[in-house]
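Enquirer: The structure's right below; bear with me while I get my questions together.
Residue numbers (my numbering): 501 to 710.
Next comes the structure, spelled out in structure tokens:
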């Protein structure tokens, strides 16, 4: 009910009718897994530096349908932020303007549900830009892999700690590690986590969280 109300509000605020497709019913068993590298962890003041995304269809990661974009920041990246995201000024030499990057991303995502690790942060970062360019936050359904993982862990009580760190999930699920701090690699690893966890979950489970 809340989702429907939110989407009605978003539709009223949509500034570009070309993006009405975002509100269509999503295709069956298709997802987009994405990850953002950013200058920091505050969506209000920090910026996106790169976006990696890949399409998942049924039980396959479509390696020929990936997106990997570097985004021009409004100011030069600092040494402190480079230590976090490991994106250097030289990596941003061919970066595109934020509006170009976000419009490419919207076309790539379409109306598919979005999969990610702590995806609410990535959605908040992207929505800061979409609100500016098309008037609304991303309306797509969201699938959180850490929540999926939590549900598969057997616990002796409701108070038992479950380690939800990305590295822990990767190790527990025996997922091969690709290069870290690379948005596309992170999206690919998260896709593998999603597919493995889905195989471990009851049939016809619904993973939408937003």
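Glycine included, every Cβ here is placed at the ideal spot set by N, Cα and C.
Quick one: what does DSSP say residue 678 is sitting in, helix, strand or coil?
Expert: To locate residue 678, count along the chain shown from 1; it is residue 178. The answer is coil: DSSP assigns residue 678 none of H, G, I, E or B.
Enquirer: On the premise that residue 526 lies in contact with residue 681, defined as a C-beta separation below 8 angstroms, what is that separation, rounded to the nearest angstrom?
Expert: For the purposes of this step, residue 681 is taken as residue 181 along the chain shown, with counting starting at 1. For the purposes of this step, residue 526 is taken as residue 26 along the chain shown, with counting starting at 1. About 30 angstroms separates the two Cβ atoms, so there is no contact after all.
Enquirer: Got a sec, what are the start and stop residues for the alpha helix (DSSP H) residue 513 sits in?
Expert: To locate residue 513, count along the chain shown from 1; it is residue 13. From DSSP, the alpha helix (DSSP H) with residue 513 extends over 502–513.
Enquirer: In the structure shown, what three-state DSSP assignment does residue 538 receive?
Expert: The residue given as residue 538 occupies position 38 in the chain shown. Reduced to three states, the DSSP call for residue 538 is strand.
Enquirer: Are three or more beta carbon pairs between the segment 602–616 and the segment 580–587 nearer than 8 angstroms?
Expert: Touching, no, given that fewer than three Cβ pairs across the two stretches are closer than 8 angstroms.
Enquirer: Is the separation between the beta-carbon of residue 498 and that of residue 552 shorter than 8 angstroms?
Expert: Residue 498 lies beyond the range of the chain shown here (501 to 710); nothing can be said about it.
Enquirer: If I'm right that residue 524 touches residue 611 with Cβ under 8 angstroms, what's the distance once you round it to whole angstroms?
Expert: For the purposes of this step, residue 524 is taken as the residue at position 24 of the chain shown. For the purposes of this step, residue 611 is taken as the residue at position 111 of the chain shown. 5 angstroms between Cβ atoms; contact.
Enquirer: What span of residues does the alpha helix (DSSP H) with residue 696 cover, start to end?
Expert: Along the chain shown, one-based indexing puts residue 696 at 196. Run containing residue 696: 683–700, per the alpha helix (DSSP H) assignment.
Enquirer: If you drop the 5 nearest sequence neighbours on each side, which residues of the same chain put their C-beta closer than 7 angstroms to that of residue 521?
Expert: Position 21 of the chain shown, counted from the start, is the residue given in the question as residue 521. Closer than 7 angstroms at Cβ, skipping near neighbours: 610 and 611.
Enquirer: What runs of the beta strand (DSSP E), each 3 residues or longer, lie entirely inside the segment 537–577?
Expert: The qualifying runs are 548–557 and 560–570.
Enquirer: Could you pull the DSSP bridge partners for residue 614 from this structure?
Expert: For the purposes of this step, residue 614 is taken as the residue at position 114 of the chain shown. BP columns for residue 614 point to 532 and 642.
Enquirer: Can you grab the Cα-Cα spacing for the pair residue 591 / residue 570, in whole Å?
Expert: By 1-based counting over the chain shown, the position of residue 591 is 91. By 1-based counting over the chain shown, the position of residue 570 is 70. Each residue's alpha carbon lies about 8 angstroms from the other.
Enquirer: Please name the residue in 510, 661, 655 and 677 whose C-alpha comes closest to that of residue 667.
Expert: Sequence index remark: in the chain shown, residue 667 carries index 167 (1-based). The shortest Cα separation from residue 667 among 510, 661, 655 and 677 belongs to 677.
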